[in-house]
Amino acid sequence: MNRLAYIARRLLRTVLVTVAVVLVSFFLIRLAPGDAATVMAGQSGYADETFISSLRAEYGLDKPLPVQLWKYVTAVARGDLGMSYERRQPVLDVIVARLPNTLLLDAFALVVAMAGGIVLGALAARRPGSAGDAGVTVLAMLFYAVPQFWLGMMAVLVFSVWLAVLPPFGIETMGADYTGLARVADVARHMILPGMTLALYYMASYARLTRTQMIEVADQEFVKTARAKGIAERQVARRHILRNALTPLVTYAGLQASILVGGTVLVENVFSWPGVGTLAYEAVTARDNPLLLGIFIVTAILVSLFNLATDIAYSIADPRVELGR
Amino acid sequence: MSALVRIEGLNVALPPGGDRTLAVADVNLDIGSSEIVCIVGESGSGKSVTAHAVMGLLPRALKTVSGRILFEGRDMLTQSAEDWRRTRGAGIAMVFQDPMAALNPVMAIGRQITEQIRAHRAVGEAAAMRDAAVLVARMGLEPGLLHAYPHQLSGGQRQRVMIAMALSLSPRLLIADEPTTALDVTTQAQILELIRNAQRERQMSVLFITHDFGVVSDLADRVAVMREGRIVESGTAREVLDRPQAGYTRALIAAVPRLSGSPAPLAREKPLLEVAGLSKRYRGSGGFLGLWHGRREHRALDRVSLTLQRGETLGVVGESGSGKSTLARCIIRLADPDAGEVLFDGADLAGMGRRELRAQRRRIQMVFQDPFSSLNPRHTVGEIVTAGPRAHGEGAKISLARAVEMLKLVGLEEAVLSRYPHEFSGGQRQRIGLARALMLKPDVLIADEPVSALDVTVQAQVLDLLDKVRRQMNLAMLFITHDMRVAARICHRVMVMRQGQVVEEGPTGALFAAPRNEYTGRLLAAIPGRQRLEA
Amino acid sequence: MKEFLSRLLVRPQTLIGLAVFAAIVVVALGAPLLFPKGPFTIVGMPLLAPGSPGLPAGSDVLGRSMLVGLAYGARVSLLVGISSTCCAVGIGVLLGAVAGYYGGVVDDLLMRFTEFFQIIPAFVLLMVLVAFLQPSLFSEVIGIALITWPQVARVARGEFLVLRSREFVQAAQLLGESDLRIIFRQILPNALPPIVVVGSMMVGSAILTESALAFLGLGDPGLMSWGSMIGASRSAMWVAWWTTVLPGLAIMVTVLALNFIGDGLNEALGPRRRQ
Chain Y
0 MNRLAYIARR
10 LLRTVLVTVA
20 VVLVSFFLIR
30 LAPGDAATVM
40 AGQSGYADET
50 FISSLRAEYG
60 LDKPLPVQLW
70 KYVTAVARGD
80 LGMSYERRQP
90 VLDVIVARLP
100 NTLLLDAFAL
110 VVAMAGGIVL
120 GALAARRPGS
130 AGDAGVTVLA
140 MLFYAVPQFW
150 LGMMAVLVFS
160 VWLAVLPPFG
170 IETMGADYTG
180 LARVADVARH
190 MILPGMTLAL
200 YYMASYARLT
210 RTQMIEVADQ
220 EFVKTARAKG
230 IAERQVARRH
240 ILRNALTPLV
250 TYAGLQASIL
260 VGGTVLVENV
270 FSWPGVGTLA
280 YEAVTARDNP
290 LLLGIFIVTA
300 ILVSLFNLAT
310 DIAYSIADPR
320 VELGR
Chain X
0 MSALVRIEGL
10 NVALPPGGDR
20 TLAVADVNLD
30 IGSSEIVCIV
40 GESGSGKSVT
50 AHAVMGLLPR
60 ALKTVSGRIL
70 FEGRDMLTQS
80 AEDWRRTRGA
90 GIAMVFQDPM
100 AALNPVMAIG
110 RQITEQIRAH
120 RAVGEAAAMR
130 DAAVLVARMG
140 LEPGLLHAYP
150 HQLSGGQRQR
160 VMIAMALSLS
170 PRLLIADEPT
180 TALDVTTQAQ
190 ILELIRNAQR
200 ERQMSVLFIT
210 HDFGVVSDLA
220 DRVAVMREGR
230 IVESGTAREV
240 LDRPQAGYTR
250 ALIAAVPRLS
260 GSPAPLAREK
270 PLLEVAGLSK
280 RYRGSGGFLG
290 LWHGRREHRA
300 LDRVSLTLQR
310 GETLGVVGES
320 GSGKSTLARC
330 IIRLADPDAG
340 EVLFDGADLA
350 GMGRRELRAQ
360 RRRIQMVFQD
370 PFSSLNPRHT
380 VGEIVTAGPR
390 AHGEGAKISL
400 ARAVEMLKLV
410 GLEEAVLSRY
420 PHEFSGGQRQ
430 RIGLARALML
440 KPDVLIADEP
450 VSALDVTVQA
460 QVLDLLDKVR
470 RQMNLAMLFI
480 THDMRVAARI
490 CHRVMVMRQG
500 QVVEEGPTGA
510 LFAAPRNEYT
520 GRLLAAIPGR
530 QRLEA
Chain P
0 MKEFLSRLLV
10 RPQTLIGLAV
20 FAAIVVVALG
30 APLLFPKGPF
40 TIVGMPLLAP
50 GSPGLPAGSD
60 VLGRSMLVGL
70 AYGARVSLLV
80 GISSTCCAVG
90 IGVLLGAVAG
100 YYGGVVDDLL
110 MRFTEFFQII
120 PAFVLLMVLV
130 AFLQPSLFSE
140 VIGIALITWP
150 QVARVARGEF
160 LVLRSREFVQ
170 AAQLLGESDL
180 RIIFRQILPN
190 ALPPIVVVGS
200 MMVGSAILTE
210 SALAFLGLGD
220 PGLMSWGSMI
230 GASRSAMWVA
240 WWTTVLPGLA
250 IMVTVLALNF
260 IGDGLNEALG
270 PRRRQ
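Protein chains in written order, with numbering that gives the first Met the number 0: chain Y, 0 to 324; chain X, 0 to 534; chain P, 0 to 274.
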């Protein structure tokens with residue numbers, strides 16, 4: 000099997016995951032107690048009859064289940080994720096409007112987490128058992144045990160309440176109407192707290208993984224070969240150990256993406272960052288079920304696309320993909 | 000002639016808590032220029048540790064070293080890390096046991112060779128790559144291989160690459176640590192030839208680590224025999240091989256199985272087991288329902304037939320990938336054959352349903368290769384040995400009594416019943432595995448490489464035991480091995496397999512003395528140390 | 000077993016973890032006896048600082064005792080953490096064992112299924128699930144189990160895949176042992192150590208997930224939990240730090256203790272220890 004076949008297989012997987020996500024959403028609606036229309040309308044009680052009957056018509060809820068399923072799948076395929084009851088707007092439009100803010104925050108967190116984690120992990124692995132190594136391990140342990148949302152609140156308490164150096168919420172200063180570079184700087188200042196809160200947990204897990212990977216690879220025979228060849232220690236570490244330790248990290252980034260989305264929901268909420276995460280919270284409190292389900296579908300597709308990207312990156316980084324997995 | 004390498008009073012400490020304090024104890028050894036010195040010993044003898052010490056590549060846990068290692072008059076143990084680095088790869092080069100593990104999996108072969116050249120010489124990548132091309136060509140490899148990755152090569156090719164790399168800067172000393180142990184016998188012969196030629200051409204010295212006296216007799220100018228970290232005997236190859244002084248050396252040499260003197264074939268009787276036209280194909284596994292794998296097929300077994308009668312041992316010999324293990328697995332239905340029949344006492348095992356099979360299968364049992372994985376580490380020997388009778392509904396008391404009897408037969412005490420597998424040595428574990436197989440009073444015993452994981456002295460004991468059990472219980476034994484010498488020792492008849500097919504079959508003595516097939520002839524010629532040890 | 004315990008108990012972190020965890024279990028079990036009035040009773044003015052009379056940990060926005068809330072919160076955290084992990088381990092081991100032992104198409108299908116759960120954003124699915132099923136202890140436990148079992152399944156499958164090709168398993172097949180017996184008697188005891196380690200780590204992460212749900216208002220409304228305490232005090236954080244700091248510390252200490260135990264188990268049962 001060559002690389003193209005591998006990528007084709009992963010592409011197929013992405014398609015299958017997408018289809019499965021839509022199916023799962025469909026059955027989630029039916030899983031809930033009560034009739035599907037009321038579930039879609041939300042349970043807050045202020046859904047009026049006209050809205051419910053329009054839902055019935057749209058999803059063909061008086062038709063047999065396969066017909067309903069077909070209607071639902073074709074609707075989603077057209078990009079029709081239903082109407083947000085609370086906002087009286089198509090769900091997709093609501094989500095797309097918020098998406099850039101979330102992508103900005105996540106990209107920042109991911110880059111900081113990967114860069115910081117790999118550097119810290121590599122440093123820790125250089126001397127296992129040293130003070131630096133112990134420090135990284137202790138930090139990782141702490142960040143694993145702290146609820147992310149609470150970490151964010153503590154950051155606000157320290158940096159916004161006590162030290163008053165960073166803005167506690169929002170994406171930019173309200174009413175300041177900055178433009179150009181000043182606006183970029185303002186957004187960046189707002190991004191530091193939520194971005195770092197989000198990044199720290201993943202940085203800890205990258206550091207930990209990089210460390211164990213490097214220690215494991217350092218024990219392998221080919222590293223001994225490299226030394227036997229008279230390669231300088233720096234090159235051995237870089238070309239042989241780090242290079243081999245990093246390939247699984249690429250795959251790991253894909254697996255982490257789904258966890259990152261969860262963290263984003265919480266952190267955006269704490270910092271009132273106007274992204275998809277706060278939107279999900281608003282949907283929960285307003286019992287806006289079509290919106291909540293729409294967020295699930297959109298984020299699931301995005302994450303599986305991100306996984307496809309990391310798989311392709313992996314297939315370039317490791318020639319052994321030909322061996323099939 | 001002054002020595003290129005002089006090892007004086009070398010001690011390497013083991014971490015505390017082991018069964019001895021020194022991995023290497025008071026080793027003195029000289030390696031003259033353009034001389035091949037073999038260190039030979041069983042596992043744990045310290046031979047590999049000695050080699051790694053000369054290379055300055057001891058594992059972290061074995062850092063405490065005393066004594067002197069002089070290379071061209073310089074004491075390596077006192078020199079700086081940078082001096083070490085400059086010596087490694089240029090002055091001393093090393094080839095390891097497992098070439099797959101020894102090559103970086105994500106770096107192209109060419110880069111791995113040029114990397115070494117450029118670590119010691121100020122040349123550009125293109126110039127280094129031209130050198131690499133010349134080197135691999137001299138190892139009999141295609142230059143196109145420089146762009147390949149290790150996993151795309153065969154085991155023999157990988158080891159050639161390793162040797163090309165080791166020779167790239169014309170070292171004065173080549174250290175080879177069991178470089179052919181992971182390879183098939185014909186490949187092993189080629190690699191040994193390659194090393195010998197390179198040594199002659201370049202007038203370099205070779206320190207060769209091996210457990211195989213055959214290899215020693217083919218290669219060595221001088222020999223050192225190690226046991227438990229000490230050199231028990233050393234001298235020229237002729238002295239040590241022809242007139243061994245130490246008792247241990249004599250025992251080691253005597254334990255090497257000879258090709259001659261195999262048991263005579265039995266008088267023909269009605270066969271107990273008859274295999275006819277057995278075939279098995281494997282398709283590439285994994286992938287989404289195999290969708291993207293194309294139709295890669297591999298014929299593991301191609302119309303194999305054999306007969307086996309009571310009291311007879313039939314050897315199945317072949318290199319890796321010959322299908323010999325698949326044959327065993329298909330006969331006993333650990334794998335399902337695609338075609339053919341396995342007639343056992345008149346009934347066809349190959350086409351049997353699960354229930355029927357269960358009843359028949361107790362009459363065919365198996366002894367496995369790996370003494371570590373063949374016994375469940377979480378069960379006591381008692382549980383392991385009585386599992387068979389209990390699975391067939393026999394009472395605990397009867398099973399236990401029989402277990403004691405069987406353990407006695409394989410030479411173990413009743414007291415072992417309550418102990419766990421990790422408390423036993425490899426040879427003892429194989430005995431336990433044999434006792435387990437005998438508990439159901441089988442008619443046929445299939446032994447799949449039962450001694451290949453064992454040291455040569457233990458190997459001889461287990462082979463003798465298998466033969467004794469075969470005689471006492473009048474067993475039909477199918478003996479699978481890659482080692483012709485082992486087959487010669489206990490098989491009445493042998494069958495040579497290659498790429499899933501039977502190449503040749505006949506009485507062991509006659510077949511080995513005068514092979515009719517060209518491949519069998521090559522296999523026999525490739526056995527290391529044949530001339531000397533058979534003489 | 001004795002050997003295992005002595006290996007487990009040599010590390011001070013493990014001992015600390017076990018001691019802290021035991022203390023939390025005692026508090027959780029003893030809460031109704033110590034504070035029979037329950038966590039929702041208003042006992043004084045809102046937002047009294049810790050150390051006020053009768054309120055060693057202060058009061059919250061509604062004037063309820065923080066200390067009582069913390070004690071009752073331990074019940075929810077432990078209950079959800081442990082029961083969802085048990086469900087997840089049960090599902091995961093079963094599916095992982097079947098996939099790993101039988102291999103082939105069964106394995107392919109089960110692994111595709113598992114992969115799906117790993118790729119989709121688990122927490123969002125959990126929010127949808129709990130919101131649709133109505134927030135309750137039951138929906139939290141089911142939801143968390145549903146998003147965490149793949150971790151166990153992957154580990155169990157990996158172990159079974161390796162172990163089923165071990166020769167002792169083939170020997171058991173030849174001796175005529177049934178598949179069920181081979182899976183549970185021969186393979187499972189050998190596969191257990193890594194599963195136990197993953198399971199112990201999962202309790203901690205399930206507690207974190209539960210607190211996040213409760214923080215977002217998706218916890219059981221009839222129960223006081225650490226996450227809901229933090230969520231309810233968000234507006235008070237600026238004036239009364241203890242209302243958010245204390246429940247957060249409680250979560251952190253609990254999860255840390257569990258992770259210490261998990262690490263200890265990993266050391267005691269780890270791959271280097273096993274042949």
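Note that the Cβ used here is the ideal one computed from N, Cα and C, for glycine as well.
Query, Result
"Going by the beta-carbon positions, is the gap between X:F478 and X:T312 smaller than 7 Å?", "yes"
"Do Y:A108 and Y:I214 have their beta-carbon atoms positioned less than 7 Å apart in this structure?", "no"
"Output the distance between the C-alpha atoms of P:R184 and P:D59, rounded to the nearest integer angstrom.", "53 Å"
"Y:G229 and X:A52 - do their beta-carbons sit closer together than 7 Å?", "no"
"Express the C-alpha separation of Y:R87 and Y:S43 in angstroms, rounding to a whole number.", "Caution is warranted here: a pLDDT of 46 is assigned to Y:S43, below 50, making its placement in the model unreliable, and the coordinate value is therefore given only provisionally. Going by the C-alpha atoms only, they are around 15 Å apart."
"Within its chain, find whatever has a CB closer than 8 Å to the CB of X:T325; leave out the 5 residues flanking it on each side and keep chain order.", "K279, A299, L300, A334, G499"
"Within this structure, are the beta carbons of X:G314 and X:A486 separated by less than 7 Å?", "yes"
"At what residues does the beta strand (DSSP E) containing X:L342 begin and finish?", "338 to 343"
"Please report the distance separating the alpha-carbon of Y:L10 from that of Y:A308.", "10 Å"
"Going along the region 234 to 245 of chain P in order, which residues come within less than 9 Å of chain Y, judged by CB to CB distance?", "M236, W237, W240, T243, V244"
"What three-state label does DSSP hand X:G377 in the structure shown?", "Checking the sequence, you will find Arg at residue 377 of chain X rather than Gly. Of the three classes helix, strand and coil, the one that applies to X:R377 here is coil, per DSSP."
"Quick one: any contact between the region 36 to 43 of chain X and the region 60 to 71 of chain X, if contact means 3 or more CB pairs under 8 Å?", "no"
"Can you find the residues in the same chain that come closer than 8 Å, C-beta to C-beta, to X:R538, ignoring five residues on each side of it along the sequence?", "This structure does not reach residue 538 of chain X, given that chain X is present from 0 up to 534, and the question cannot be answered."
"For Y:F26, count the other beta carbons within 10 Å of its own beta carbon; 16 or more makes it buried, fewer makes it exposed. Which is it?", "exposed"
"According to DSSP, is X:R5 helix, strand or coil?", "strand"
"What are the start and end residues of each continuous beta strand (DSSP E) run of 3 or more residues lying completely inside the region 296 to 333 of chain X, in chain order?", "296 to 307, 312 to 316"
"What separation, rounded to the nearest whole angstrom, lies between the Cα atoms of P:I143 and P:A235?", "29 Å"
"To the nearest angstrom, how far is it from the Cα of Y:V269 to the Cα of Y:L197?", "11 Å"
"Looking only at its own chain, which residues have a Cβ that is under 6 Å from the Cβ of X:V495, when we skip the five neighbours before and after it?", "V316, V502, E503, T519"
"What did DSSP end up calling X:S65 once you bin it into helix, strand or coil?", "strand"
"7 Å is my cut-off, CB to CB: does Y:K70 come that close to chain X?", "no"
"If the criterion is Cβ atoms closer than 7 Å, does the pair X:R488 and X:L462 meet it?", "yes"
"Hey, could you find the ends of the beta strand (DSSP E) X:C37 is sitting in?", "35 to 39"
"Give me the subset of the region 113 to 142 of chain X whose CB atoms are less than 8 Å from a CB atom of chain Y, sorted by chain position.", "E114, Q115, A118, H119"
"Going along the chain, which unbroken runs of the alpha helix (DSSP H) with 4 or more residues stay wholly within the region 0 to 58 of chain P?", "1 to 7, 11 to 33"
"Suppose only complete runs of 3+ residues qualify. What are the beta strand (DSSP E) ranges in the region 195 to 278 of chain X, listed by chain order?", "204 to 209, 221 to 226, 229 to 235"
"In chain Y, what lies closer than 8 Å to X:G88 by C-beta?", "A227, K228, G229, I230"
"Just checking: is the beta-carbon of Y:S43 within a distance shorter than 7 Å of some beta-carbon in chain X?", "Caution applies to Y:S43, whose pLDDT of 46 falls short of 50 and renders its modelled position unreliable; the model cannot decide the point."
"Report the residues of the region 376 to 398 of chain X with a CB closer than 7 Å to any CB of chain P, ordered along the chain.", "P376, R377, A386, G387, A390, H391"
"Can you confirm whether the region 154 to 163 of chain P touches the region 185 to 201 of chain P when touching is taken to mean that 3 or more C-beta pairs between the two stretches lie within less than 8 Å?", "yes"
"Can you pull the chain X neighbours of Y:E220, defined as C-beta to C-beta under 8 Å?", "F95, D97, A100, A101"
"Can you tell me the Cα-Cα spacing of X:G285 and P:G103, whole angstroms?", "Because X:G285 carries a pLDDT of 44, less than 50, the predicted location of this residue cannot be relied on, and the following value inherits that uncertainty. Using only the alpha carbons, I get a separation of about 7 Å."
"Is there a Cβ from chain P that is less than 7 Å from the Cβ of X:L288?", "Because the pLDDT at X:L288 is just 42, under 50, the model does not fix this residue reliably, and the point stays unresolved."
"When DSSP labels each residue in this structure, what does X:L288 get in the three-state scheme?", "Model confidence at X:L288 stands at a pLDDT of 42, short of 50, so the residue's coordinates are unreliable; what they give is reported in the following sentence. In the structure shown, X:L288 sits in a helix (DSSP, three-state: H, G or I)."
"Could you check if X:E268 is buried or exposed, using at least 16 other CB atoms within 10 Å of its CB as the buried criterion?", "exposed"
"Check Y:V145 in the structure and name its three-state DSSP category.", "coil"
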